[in-house]
Structures are given as structure tokens and as C-alpha cells.
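Counting from 27, one number per residue, gives the positions in the sequence shown under our numbering.
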Amino acid sequence: MYGTTYVLICLIKTKKKIFIKLKSNLMMMNSKNLSLAFKENINSQGMLKIANYLKELGKKSMKYFLTSNPLLAKEQILNPSNEFVNNLQKDIPERANALFICSDPNSYDLTDKFAEEMKTCFFNSGFKFKNFKVLDNRNAKEKSELISEAEVVILAGGHVPTQNIFFQQINLKNELKTANKIIIGFSAGSMNCSEEVYAQPELQGESLDPNYKRFLKGLGITKSQILPHYNLIKNEYLDGKRLFEEITYPDSFGRSFIILNDGCYLYGDGQYEIVYGESFIISDGTIKK
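In C-alpha cells form, the structure reads like this:
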């Protein structure tokens with residue numbers, strides 16, 4: 027513990043920016059690197075080695091892009107708005123293994139259609155995956171191997187509670203717990219990444235059903251609760267009520283929901299989160315930009 031404190035002090039004095047950005051990784055330094063710091067008295071060479079070590083740690087941490095809709099379907103490309111494609115290119119390695127995890131494990135035709143559309147959009151945007159596999163009930167028994175070999179995990183859009191049940195069935199939270207992967211969420215997939223998921227009523231009757239669970243346990247990748255497609259659904263009605271003003275606003279008391287338009291996304295790397303594009307916050311019954 028003393029050694030770790032010494033490194034913190036030196037970083038504060040000489041490399042303040044590194045400390046601020048990477049402070050969450052300092053406690054992960056092993057004894058070999060701490061010994062190196064003392065041996066070289068944190069001179070310029072020692073600082074460089076420590077900085078490089080922390081940089082490598084940063085590369086190995088999970089990074090996530092939680093989108094509203096990452097595609098331009100008609101153009102068959104990824105949506106380049108808000109530096110989305112550029113930021114993906116910085117993090118996704120060449121010839122990566124990708125895994126597309128479904129929203130409905132039994133809708134094979136629909137899953138294959140969405141997976142192929144996603145694969146095409148990535149390919150047309152310059153991403154050449156080594157493998158692009160799909161996970162649903164056809165191969166759920168192989169889930170550990172499929173998840174382990176994937177460097178990029180894409181979580182499909184769909185019905186939030188249905189996908190949430192499947193994620194629990196395959197124990198996805200634990201499968202990803204210590205994984206260093208790029209997570210890309212699409213709509214429901216993004217929503218289910220939260221620690222506590224707000225399953226905004228979507229289907230007829232859900233807002234009236236007393237047994238419908240609006241708050242679910244998610245993957246815990248982020249604490250942010252996301253609602254996508256605001257530009258498309260903000261004026262919609264469900265069960266005779268305004269979807270947002272009469273259903274979502276009352277559900278927001280004591281909570282905060284991040285509202286995303288298509289083309290916007292939440293990026294995180296385990297150290298900080300940032301929303302790219304126009305977004306809103308619904309909290310305690312009101313909405314703010």
C-alpha cells in the first residue's frame with residue numbers, strides 16, 4: 027500500500043493528466059511494476075514505462091458503445107454521425123472475432139436477418155471481421171466458448187424483457203464480468219446493459235398490466251439507464267396514454283433516464299462515460315436537454 031501511495035504522489039506532481047485519466051488503474055499495478063518505479067526513483071524512463079503499462083491496461087479494459095440505432099439501413103452502412111465510425115475504428119482491432127447476441131432466442135429467421143444486416147453495414151463501413159457468429163438458442167450450450175473467443179460483442183435490438191430473460195439464461199453478466207471486449211448495444215441491447223434496466227412499456231397492454239416489470243436486473247456494464255429512438259417515438263401513444271408524458275415521466279421519480287435520438291450513443295471505457303450527439307435527461311417527471 028505504501029508503494030502505491032508513493033506512485034500516486036509522483037504522478038500527481040509530474041504527470042497530473044495521466045493520474046486523472048488513469049487513476050482507476052493505478053491500484054491494478056503489480057509488484058514488479060511498483061518495484062520498477064522505486065528502483066528508478068520515478069525518473070523519466072521509469073515514468074515512461076509506468077505510463078506505457080497503464081496505457082496497455084487501458085487498452086485491455088472493456089469499452090462500450092451503447093447506441094440508439096447504429097445503422098443507416100437504406101445505405102447499408104454504419105451511421106457515421108457523432109464520430110461513431112471513427113471511434114469504433116480506434117478500438118476495434120483488425121480482423122476481430124465478432125459475436126451477435128440475439129434479442130429473441132427462438133426467432134431464428136429474424137435473428138439471422140438482423141445479424142446479416144449488421145454484418146453488411148460493418149463490412150461496408152470498413153470493418154473486416156475474421157468471424158461473425160450468432161448466439162441464440164440454436165447454440166446456447168456453446169455460449170461460453172463463443173463469448174470467450176469474441177473480441178466484439180453486438181447486442182441486438184428488440185423486446186427488452188425478452189432479451190433480458192435470455193441474457194439471464196445464458197448468464198451473460200458473469201460471462202462478461204472479467205472480459206476485455208468491445209460491447210456494441212443496439213436499442214434494447216443498450217438498455218439491457220444497465221445495472222438496473224428501465225423496460226419502458228412497448229407492446230399493447232404492458233402499461234396496464236400490474237404484473238409487467240418495468241425495472242429489471244441488467245448486465246451491470248453501466249449504471250446509466252438508456253431510452254433509445256426518442257426522435258421516432260416521442261409523440262407516440264400506448265394503451266391510450268402518451269408514452270412519455272403519461273408513462274415514462276411518472277416512472278422517472280427518483281431515477282434518471284438518458285434519452286437518445288438515433289445516431290447518438292453513450293461511450294464508456296471503465297473510467298468515464300460520454301454521450302455523443304443530442305441527448306436528454308428525464309428525471310423526477312421532467313425532461314432536460
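Cβ atoms here follow ideal geometry from the backbone N, Cα and C, with glycine treated the same way. None of these values were measured; they are calculated from a predicted model.
Note on geometry: alpha-carbon atoms of threonine 93 and leucine 253 lie some 10 Å from one another. Judged by their CB atoms, cysteine 147 and leucine 114 are not nearer to each other than the 8 Å cut-off. Of all alpha-carbon atoms in Pro276, Gly294, Asp135, the one lying nearest the alpha-carbon of lysine 207 is that of Gly294. If you draw a straight line from the Cα of serine 250 to the Cα of glycine 152, it comes to about 30 Å. Secondary structure of alanine 205 (DSSP, three-state): coil.
Comparing alpha carbon positions, the residue from Tyr238, Leu292, Ile300, Glu221 closest to proline 227 is Tyr238. With contacts defined as CB atoms closer than 8 Å, asparagine 287 and serine 213 fail to qualify as a contacting pair. Under DSSP, the beta-bridge partners assigned to arginine 268 are Tyr263.
The secondary-structure analysis by DSSP pairs tyrosine 302 across a beta bridge with Tyr291.
Beta-bridge partners assigned by DSSP to leucine 97: Leu104.
Annotated as proximal: isoleucine 180 and methionine 144, with beta-carbon spacing under 8 Å. Look at serine 174 here: in three-state DSSP terms it is helix. The continuous stretches of beta strand (DSSP E) do not include glutamate 143, which lies in the alpha helix (DSSP H) extending over residues 134-150. The beta-carbon distance between phenylalanine 155 and asparagine 112, rounded to whole angstroms, is 18 Å. This is too long to meet the 8 Å contact definition. Here the C-alpha atom of asparagine 165 lies approximately 10 Å from the C-alpha atom of glutamate 171. Nearest Cα to asparagine 157 within the set Phe126, Ile284, Thr312: Phe126. Only residues of its own chain outside the window of five on either side were considered, and among them Asp310 have a CB closer than 8 Å to the CB of glycine 280, listed in chain order. Distances from the CA of proline 131 to each of Glu304, Ser220, Gln195, Ile273 were compared; the closest alpha carbon is that of Gln195. For serine 282, the enclosing beta strand (DSSP E) begins and ends at 282-286. For cysteine 128, the closest of Lys167, Arg121, Glu120, Asp138 by C-alpha to C-alpha distance is Asp138. Inter-residue distance for glutamine 297 and glutamate 168 is about 31 Å (C-alpha atoms, whole angstroms).
If you look at isoleucine 247, you'll find it isn't in any alpha helix (DSSP H); DSSP assigns it neither H nor E. Annotation: the continuous alpha helix (DSSP H) that includes leucine 114 extends over 110-117.
If you check the CB distance, asparagine 108 and glycine 303 come in under 8 Å. Counting only residues of its own chain and dropping the five nearest sequence neighbours on each side, glutamate 299 has a CB closer than 8 Å to the CB of Thr248, Ser250, Leu292, Tyr293. The beta-bridge partner set that DSSP reports for valine 223 consists of Leu242.
Here DSSP, grouped into helix, strand and coil, assigns alanine 122 to coil.
For the pair leucine 161 and lysine 116, the Cα-to-Cα distance works out to about 26 Å. With contacts defined by Cβ atoms closer than 8 Å, leucine 242 and proline 187 form a contacting pair. In the structure shown, glycine 215 falls within a helical segment according to DSSP collapsed to helix, strand and coil. In the DSSP assignment, glutamine 251 is bridged to Phe283.
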